[in-house]
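If you're matching positions, the sequence shown starts at 12 in my numbering and goes up one per residue.
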Amino acid sequence: MESILFSIQKKLPTLTKTEQRLAQYVLAHPVQVPTMTTSAFAKAANVSAATVARFGKTLCGQGGFPALKLRLSSEGNTDQRLFDEINPTDTTTDLKNKLTFRINQAITETNHRLKNDALEESAMILHSKQTIFIYGLGASNVAAEDLQQKLLRVGKSVIQSLDTHLLAAALTTQKTQAALILISNSGEKQEPLQLAKIAQQLNIPIIVLTHNNQSQIAQLATITLQHDDSTENSQLRSAATTSLIAQLYAVDLLYYSFLEQDFTANTNQLADSSNVISEYFTK
């Protein structure tokens with residue numbers, strides 16, 4: 012489960028002014044708040060008890076303030092310096108600790124957002140189609156290339172390219188046995204969006220991997236696989252770090268789900284491809 016203190020810090024800009032007072036109080040007194048009653052917490056933060064109740068539901072759903080106290084108790088006095096992505100005064104140890112924290116948070120939250128049925132349905136599509144088209148722009152291309160090499164090893168015909176014109180032409184000529192996988196963190200870039208429109212027109216199933224399940228590309232998807240990117244500071248977003256880790260983790264889960272569709276045949280293919288590489292390239 013994601014750190015509740017980290018979650019509170021992320022949500023600060025979206026909270027009302029009174030809820031922000033509560034959030035700031037929790038961040039300043041994470042050990043004391045679990046021992047407080049609703050009225051005591053409200054008095055300490057100078058808000059109403061009703062605001063405390065709403066604040067608890069915002070963070071912990073129907074569990075409300077009691078659930079918030081439980082999560083704070085289980086978390087203890089977390090070093091909140093970990094929540095800052097990077098500072099010029101950080102030591103190498105600080106950087107290692109911060110990145111470890113953020114990677115763990117990204118994977119944990121991706122685990123929560125990735126729905127089992129979406130993974131299973133995506134795996135079934137990959138199993139039923141022989142030609143898989145994959146597209147990812149920028150850092151997402153790293154995840155696209157990773158999925159390409161995985162699927163090639165188990166006998167799939169994979170077309171992965173940054174050339175959208177080439178992909179569009181290939182989709183048109185190979186539509187009957189094709190599936191399209193689009194990897195886009197924002198889900199709003201024009202290149203994958205246009206490919207999705209082409210695939211939709213050709214009745215080609217579209218699997219979208221994105222952090223934004225309300226994005227334009229997600230609206231065109233047959234299935235959306237949602238990953239997390241909330242641990243990434245927007246100031247450093249151009250050099251994707253934890254969002255890429257989340258994408259690679261989601262790709263691995265999709266791949267493992269696919270392997271289970273025909274485990275014996277797929278693992279035999281993996282063994283064959285591994286043996287060829289060992290025989291000719293590992294001497």
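Quick reminder that beta carbons are idealized off the backbone N, C-alpha and C, glycines included.
Query                                                                                                           : Result
Beta carbon of T142 nearer than 9 Å to that of K167                                                             : yes
For I234, three-class secondary structure by DSSP                                                               : strand
Residues near L191 by beta carbon distance below 6 Å, same chain, minus five either side                        : F144, A210, I215, I217
At least 3 beta-carbon pairs within less than 8 Å: the region 119 to 136 vs the region 146 to 161               : no
Supposed close pair L5, L213 - CB separation, criterion 8 Å                                                     : Outside the shown range of the chain, which is 12 to 294, sits residue 5, and nothing can be said about it.
Residue of F292, L281, L270 minimising C-alpha distance to L130                                                 : L270
Reduced DSSP category for I19 - H, G, I as helix; E, B as strand; rest coil                                     : helix
Cβ neighbour criterion (16 or more within 10 Å) applied to S287                                                 : The sequence shown places Val at residue 287, rather than the Ser named in the question. Counting Cβ neighbours within 10 Å, V287 comes out exposed, since fewer than 16 surround it.
Spatial distance of H176 from D240 (CA atoms)                                                                   : 29 Å
G72, buried or exposed, once every other Cβ within 10 Å from all chains shown has been counted against 16       : exposed
Outcome for R2 when other beta-carbon atoms lying within 10 angstroms are tallied against a minimum of 16       : Past the boundaries of the shown model lies residue 2; the chain is included only from 12 to 294, so the question cannot be answered.
For K140 and I228, the rounded distance between their alpha carbons                                             : 21 Å
Helix, strand or coil at Q171 [DSSP, three-state]                                                               : strand
Whole-number beta carbon distance between L236 and L259, since they are thought to touch under 8 Å              : The pair is not a contact, with the Cβ atoms about 13 Å apart (cut-off 8 Å).
DSSP-derived helix/strand/coil call for A257                                                                    : helix
Three-state class that DSSP yields for A250 in the structure shown                                              : Only weak support is given to the placement of A250: the predicted model assigns it a pLDDT of 48, under 50, and the value that follows is read from those uncertain coordinates. Correct three-state label for A250: coil.
Any 3 or more C-beta pairs closer than 8 Å across the region 71 to 85 and the region 21 to 30                   : no
Assigned exposure category for N127 - 16 Cβ within 10 Å defines buried                                          : exposed
Rounded separation between R248 and E96 - CA only                                                               : With a pLDDT of only 48 at R248, under the threshold of 50, the placement of this residue in the model should not be trusted, and no figure is reported.
F52, enclosing alpha helix (DSSP H) - first and last residue                                                    : 49 to 56
Close-in-space but distant-in-sequence residues of the same chain around Y36 (CB under 8 Å, 5 per side omitted) : V44, F52, A55, A56
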